[in-house]
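Before any comments, here is the structure.
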Amino acid sequence: MDHAHQTAEFFVRLPSGQRFGPAAMGVLEQWAREGRIPNTAQIEPADALAPARPPRSVLSEPGLMAILGAPPTVAGSLTMPESQDSGISTLIPYKNGYALAAYYVSVASLIPGLGLLAGPIAFGLGIAGVRHYKREPKVKGLAHAWVGIVLGFLTFGVHVALIVAVIVSAMGK
């Protein structure tokens, strides 16, 4: 490759119409290695003296020809292997938001007066947490969901009983 070709600058025009550059030949070769220049792109000289050409006719390095000629690749999904969970999801079931919310709302339902509203919410979230756990056991949180169900039910029941007792007591006077 001659020195003039090496120092010349080029634009890369994607099929979508996006244009990148100007970039020297070395930069284009790096972009090709990184998979940033698709085979369907056009390489345009920055001086506009020559017509746009496909990348294969401009990038001459033999290794780049193999890269540009390869079929496109699709990255797989990135998931954490279950062995790397480290058990934290058992203590804090962050993968089962229903169970976690049920637990915290049920604890809040212990606040006098708030249990009348928070108890049924904790109960419902607990049921949703159990259902989510049954569909996907790896999300954990079954104990948290059950705490939400039981504590939500009990605090709501105690609040209702206290209201009934106050009404009965007021009627008896």
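For the sequence shown, my numbering assigns the number 3 to the initial residue and increments by one for each residue that follows.
Ideal placement from N, C-alpha and C gives every residue a C-beta, glycine not left out.
This structure is a prediction, so every number in the text was calculated from the model and none was measured.
Would DSSP call residue 121 helix, strand or coil? What you label residue 121 is simply residue 119 of the sequence shown in a count that begins at 1. In this structure, residue 121 counts as helix in the three-state DSSP scheme.
Per-residue DSSP class, three states only, for residue 2: Residue numbering for the chain in the displayed model covers 3 to 175; residue 2 lies beyond these limits and cannot be assessed.
Which residue wins for smallest C-alpha separation from residue 122, given the options 161, 141, 137? Working through the sequence shown from its first residue, we reach residue 122 at position 120. With respect to the C-alpha of residue 122, the residue from 161, 141, 137 having the closest C-alpha is 161.
Limits of the beta strand (DSSP E) - the one that residue 45 falls within: Within the sequence shown, the letter at position 43 stands for residue 45. Element bounds for residue 45: 44-47.
According to DSSP, residues forming a beta bridge with residue 26: The residue you call residue 26 lines up with position 24 of the sequence shown. According to DSSP, residue 26 bridges with 11.
Limits of the unbroken alpha helix (DSSP H) element including residue 141: Here residue 141 refers to the residue found at position 139 of the sequence shown. Per DSSP, residue 141 belongs to no alpha helix (DSSP H) and is neither H nor E.
At the level of alpha carbons, what is the spacing between residue 90 and residue 118? Start at 1 with the first residue of the sequence shown, and residue 90 comes out as number 88. Start at 1 with the first residue of the sequence shown, and residue 118 comes out as number 116. C-alpha separation (whole angstroms): 32 Å.
I need the straight-line Cα distance from residue 54 to residue 142, nearest angstrom please. In the sequence shown, residue 54 corresponds to position 52, counting from 1. In the sequence shown, residue 142 corresponds to position 140, counting from 1. Those two C-alpha atoms are separated by around 57 Å.
In three-state DSSP terms, what is residue 133? Working through the sequence shown from its first residue, we reach residue 133 at position 131. Residue state, collapsed to three classes: helix.
Kindly give me the distance between the Cβ atoms of residue 104 and residue 147, rounded to whole angstroms, as I take these residues to be in contact under 8 Å. In the sequence shown, the residue the question calls residue 104 occupies position 102. In the sequence shown, the residue the question calls residue 147 occupies position 145. The pair is a contact, with the Cβ atoms about 5 Å apart (cut-off 8 Å).
Within 8 Å, strictly: CB atoms of residue 154 and residue 128: Start at 1 with the first residue of the sequence shown, and residue 154 comes out as number 152. Start at 1 with the first residue of the sequence shown, and residue 128 comes out as number 126. Contact flag set, yes.
Spatial neighbours of residue 42 within its chain, please: CB distance less than 7 Å, with the 5 preceding and 5 following residues excluded, ordered by chain position. As a position in the sequence shown, residue 42 is number 40, starting the count at 1. Sequence-distant partners of residue 42 (beyond 5 residues in either direction) whose C-beta falls short of 7 Å from its own C-beta, in its chain, are 17.
Residues of its chain near residue 11, where Cβ-Cβ distance is below 7 Å and the 5 sequence neighbours each way are ignored: If you number the sequence shown from 1, residue 11 lands on position 9. Closer than 7 Å at the Cβ level, and outside the excluded window around residue 11, lie 23, 24, 25, 26, 48.
Taking Cβ to Cβ, would you say residue 168 is nearer than 8 Å to residue 108? Working through the sequence shown from its first residue, we reach residue 168 at position 166. Working through the sequence shown from its first residue, we reach residue 108 at position 106. For the 8 Å CB-CB criterion, residue 168 and residue 108 do not form a contact.
For residue 175, which residues in the same chain have their Cβ closer than 7 Å to its Cβ, ignoring the five residues on either side in sequence? If you number the sequence shown from 1, residue 175 lands on position 173. The answer is none, since no qualifying residue turns up.
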